[in-house]
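As structure tokens, the structure follows; a few thoughts come after it.
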């Protein structure tokens, strides 16, 4: 290890130190320090974001190839730290009910795992990143232990998640046994030299993909999602959807870009099948949901499907440089957009939950009159999730469609468009309930909360800005990918 | 007596003793005695590791298994307060399945000791490389604290997060439920037991105790 290696994990070190500081201050200071702790976390996150952009190491590998320091890693570091900070701000609104300091520390620890997933160059780091993201999130789901639904969701998530981690590790063990290395680039080199027709490779690869598919909640490994999303306290759900899931997505994309090139003929149909199944199941089952958190859970399964389309194309076209770059950039852009609109949607849901202690569609009735700003924001998020301009979700889907059509997968693009049309039904039903259903007596406005308001505002501004001017983020993603491409050819 | 035969005798003792203790683990009826037999298995396996010149593995084996995991087993038994009722012969249901799987495993060992099967690449850490480092403790140190330094440190963050999480969940005391949908798990279980008409004389952990 050289001292320069440390700069490559400086954001992770900062987050870990903040988490430790938060725990210590809370242990001695107690509840009255919570406001100050939130300030510390926000300032620390901004510092960590600045550090990851300004003080970033040269593009290359660090810690003997364990982590990569390319633009892709920096892109996801910025995104994930921002998501974590927003989730903690959101959780501050419920600091009376839950142990806020421990919750923040757990979110920060999980974020360290997510950063490693975005930067991973090795299956060992991938596994540790997945675990470091998952274990705090199990606790976040169950953090209100006296709620029956929370405990139920957390137990299901924990048991299935532990099983999926085992499957992932088993796949890694197979790949290590077969190739003698856990380094992604070296695995790809070995397979290129030896040929990919060894069936045992496929076994290891399949187990690896199953483990990751569980973590991103793709059909048929999505069973835990609705219960965990609905049972968890809403701020935890927001982090679960926007954070932990995008972390696993970043890791999956990394594995696909670096390690899986030689297997494309065999893996492409599987990924496409999972993507199509996720889009169909997620969108159609969401139609029947009455609870908005559950509805958003199925919607998140559908959005996993959309992103998997992009990942499948990355995989199929690793030689065709331009298309692969566009596909990676499309997935990265979609991750940003999805994180913004999901965080915002869960923040509004949280505000509504605080009003009437429920997240059914009925609880949203009358919101357009009682809390017009919240209702407008929720409408923007729903429109964005559907994919209607001028919200950012439109461009997210547009880029995915473009690469799908350019890659010759027109039928997948058709499925994407058709299932998005179906999704309009249930997203717009939320809007209908907010504006067009009048009930007597009229409900009070949602309780004011600066923390929730800030998250909703950031989500809405981000969604609209990216919807009107998406080019900046896309160019950044493409530039980030150019560095990845260099690395993949010369490990 | 040559050192060769002496080594064989020592190996025979360790091997035989570990098998005997392993049989005792599944045959004895008192769970505490089972756990202590497991300690015996672990110690004698560590002896075999030393004969194989895997000194670090032997030490780690004793520290982790005998020192931590089996103590954890014993603590759990102590906390659960397993009484005379539980001291029945266990595992008789899955015995046929266990015999089949054990037989397959045994055959696999026989095959593996006879033949060398290679379906992949060899890793960089060959026996010659380990010898060049001056032994397996040195080799392990080189690999763990140079190549795998970052995963090693990340694992410590992971353990910290897990400990914090466990304490968060264990420390909270369930509040009074505000409505039935918010009923705590313990209250819910207590209600279930009452509905199922479980007599407290039959169950030592009666509804009152679970309800806290």
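Protein chains in written order, with my numbering: chain U, 1 to 491; chain B, 492 to 703. Every residue, glycine too, gets a C-beta built ideally from N, C-alpha and C. Keep in mind that this is a model prediction, so the values were computed, not measured.
- By DSSP, does residue 584 of chain B sit in helix, in strand, or in coil? Coil.
- Taking buried to mean at least 16 other C-beta atoms within 10 Å of its own C-beta, is residue 14 of chain U buried or exposed? Classification of residue 14 of chain U: buried, given that the 10 Å Cβ count is 16 or more.
- Return the bridge partner residues of residue 97 of chain U from the DSSP annotation. Beta-bridge pairing by DSSP links residue 97 of chain U to no other residue.
- Query: When we look at the beta-carbon of residue 657 of chain B and count the other beta-carbons within 10 Å, is it buried (16 or more) or exposed?
  - Reply: It counts as exposed.
- Message: At 4 residues or longer, what runs of the alpha helix (DSSP H) sit wholly inside the segment 578-660 of chain B?
- Response: Listed in chain order, they are 586-605, 618-624, 627-633.
- Task: Determine the direct distance from the alpha carbon of residue 146 of chain U to that of residue 257 of chain U, and round the result to whole angstroms.
- Result: Roughly 43 Å separates the two Cα atoms.
- Message: Only counting the same chain, and skipping five residues up and downstream in sequence, which positions put a Cβ closer than 8 Å to that of residue 415 of chain U?
- Response: Answer for residue 415 of chain U: 276, 279, 280, listed in chain order.
- In the DSSP assignment, what residue or residues form a beta bridge with residue 62 of chain U? In the DSSP secondary-structure assignment, residue 62 of chain U is bridged to U/67.
- Query: Using a Cβ-Cβ distance under 8 Å, would residue 179 of chain U count as near chain B?
  - Reply: Chain B contact via Cβ: present.
- Message: With a threshold of 8 Å between beta-carbons, can residue 353 of chain U be considered close to chain B, or not?
- Response: It does not; no Cβ of chain B falls within 8 Å.
- Query: Run through DSSP, which three-state label would residue 495 of chain U get?
  - Reply: It is not possible to answer for residue 495 of chain U, since the shown part of chain U is limited to 1 through 491.
- Task: Could you tell me the boundaries of the alpha helix (DSSP H) in which residue 423 of chain U lies?
- Result: Counting along the chain, the alpha helix (DSSP H) containing residue 423 of chain U begins and ends at 410-435.
- Query: According to the neighbour-count rule (16 or more other Cβ atoms, all chains shown, within 10 Å of its Cβ), is residue 395 of chain U buried or exposed?
  - Reply: Residue 395 of chain U is buried by the Cβ-count criterion.
- Return the Cβ separation of residue 190 of chain U and residue 181 of chain U in integer angstroms, given the expectation that the two are a contact with Cβ distance under 8 Å. That pair is a contact at about 7 Å.
- Tell me whether residue 5 of chain U sits in a helix, a strand or coil according to DSSP, three-state version. In this structure, residue 5 of chain U counts as helix in the three-state DSSP scheme.
- Item | Straight-line gap, residue 382 of chain U to residue 108 of chain U (C-alpha atoms, nearest Å) | Taking the straight line joining both Cα atoms gives about 28 Å.
- Task: Could you name the residues that DSSP lists as bridge partners for residue 183 of chain U?
- Result: According to DSSP, residue 183 of chain U bridges with U/122.
- Which residue or residues does DSSP assign as beta-bridge partners of residue 360 of chain U? Residue 360 of chain U is bridged to U/291.
- Message: In whole angstroms, give me the CA-to-CA distance for residue 442 of chain U and residue 417 of chain U.
- Response: Distance between the alpha carbons of residue 442 of chain U and residue 417 of chain U is about 38 Å.
- Would you say residue 618 of chain B faces chain U, with C-beta separation under 8 Å as the test? So, not an interface residue.
- Query: Assuming residue 73 of chain U contacts residue 119 of chain U under a Cβ cut-off of 8 Å, what Cβ separation, rounded to an integer in Å, is found between them?
  - Reply: At roughly 4 Å, the Cβ-Cβ gap stays under 8 Å, so residue 73 of chain U and residue 119 of chain U are in contact.
- Item | Beta-carbon spacing of residue 439 of chain U, residue 365 of chain U below 8 Å | Result yes, Cβ atoms of residue 439 of chain U and residue 365 of chain U sit closer than 8 Å.
- Query: Under a CB-based cut-off of 8 Å, is residue 611 of chain B close to chain U?
  - Reply: Output row for residue 611 of chain B: interface = yes.
- Message: Measuring straight from C-alpha to C-alpha, what distance separates residue 566 of chain B and residue 132 of chain U?
- Response: Near 27 Å, if we compare the C-alpha coordinates of residue 132 of chain U and residue 566 of chain B.
- Query: Are the C-beta atoms of residue 212 of chain U and some chain B residue less than 8 Å apart?
  - Reply: No Cβ of chain B is located within less than 8 Å of the beta carbon of residue 212 of chain U.
- Three-state secondary structure (DSSP) of residue 269 of chain U: Helix at residue 269 of chain U.
- Query: In terms of residue numbering, what span does the alpha helix (DSSP H) encompassing residue 227 of chain U cover?
  - Reply: According to the DSSP assignment, residue 227 of chain U belongs to the alpha helix (DSSP H) that extends over 225-231.
- Task: Give the C-beta separation of residue 121 of chain U and residue 38 of chain U to the nearest angstrom, bearing in mind that I take them to be a contact with Cβ-Cβ under 8 Å.
- Result: Contact annotation, residue 121 of chain U with residue 38 of chain U: C-beta distance approximately 34 Å; criterion of less than 8 Å not satisfied.
- Message: With a threshold of 6 Å on Cβ separation, who are the neighbours of residue 470 of chain U within its own chain once the five nearest residues in sequence on each side are excluded?
- Response: Cβ within range, chain order: 395.
- Below-8 Å beta-carbon distance, residue 560 of chain B vs any chain U residue: No, its Cβ sits nowhere closer than 8 Å to a Cβ of chain U.
- Near-chain U residues of the segment 631-654 of chain B (beta-carbon distance less than 8 Å), N- to C-terminal order: Those residues of the segment 631-654 of chain B that come within reach of chain U (Cβ to Cβ, closer than 8 Å) are 637, 638, 639, 640, 641, 642, 645, 646, 648, 649, 651, 652, 653.
- Item | Spatially closest choice to residue 360 of chain U from U/386, U/291, U/427, by CA coordinates | It is U/291.
- residue 463 of chain U: first and last residue of the uninterrupted alpha helix (DSSP H) it sits in: Counted as a single uninterrupted DSSP element, the alpha helix (DSSP H) harbouring residue 463 of chain U occupies residues 450-468.
- Message: I need the straight-line Cα distance from residue 286 of chain U to residue 520 of chain B, nearest angstrom please.
- Response: Distance between the alpha carbons of residue 286 of chain U and residue 520 of chain B: 52 Å.
- Query: For residue 304 of chain U, which residues from the same chain have a beta carbon less than 6 Å from its beta carbon, with the 5 sequence-adjacent residues on both sides left out?
  - Reply: Only 216, 217, 218, 278 meet the Cβ criterion.
- Message: Just to confirm, is the Cβ distance from residue 110 of chain U to residue 41 of chain U under 8 Å?
- Response: Not a contact, by the Cβ cut-off of 8 Å.
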